[in-house]
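**Student:** I have a structure here, written as structure tokens, and I will follow up with some questions on it.
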Amino acid sequence: MSRFLTASTILGLTGLLVAMFAALSGALPLLIAIGFSMLALGFTGAVIGAAASLGRAWEAAR
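Right, here's the structure in full:
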């Protein structure tokens with residue numbers, strides 16, 4: 016796994032935890048929104064990183 020993919024996955028999972036715990040504790044809606052935005056950024060980065068890794072693997076297989 017590349018560093019970018021690892022960092023994106025960690026960001027996404029941290030955002031998921033922040034959003035879930037904030038929603039369960041009845042925290043500020045801003046904190047829930049921050050968690051969901053972290054989740055979305057992490058997911059997007061992980062998808063881009065996975066596509067880049069797949070492209071490198073595709074070229075190496077040729």
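Reading the sequence shown from the start, the letters are residues 16 to 77 in our numbering. Beta carbons: idealized from backbone N, C-alpha and C, even for Gly.
So, for Leu43: in the same chain, excluding its five sequence neighbours on each side, which residues have a beta-carbon less than 6 Å away from its beta-carbon?
**Tutor:** The answer is none, since no qualifying residue turns up.
**Student:** Is it buried or exposed, Val62, if we count other Cβ atoms within 10 angstroms and call 16 or more buried?
**Tutor:** With fewer than 16 Cβ atoms within 10 Å of its Cβ, Val62 is classed as exposed.
**Student:** Check for me: the alpha helix (DSSP H) holding Gly41 runs from which residue to which?
**Tutor:** From DSSP, Gly41 is part of no alpha helix (DSSP H); its letter is neither H nor E.
**Student:** Is it buried or exposed for Gly41, if we count other Cβ within 10 angstroms and need 16 for buried?
**Tutor:** Exposed, by the Cβ-count rule.
**Student:** What three-state label does DSSP hand Arg77 in the structure shown?
**Tutor:** Correct three-state label for Arg77: coil.
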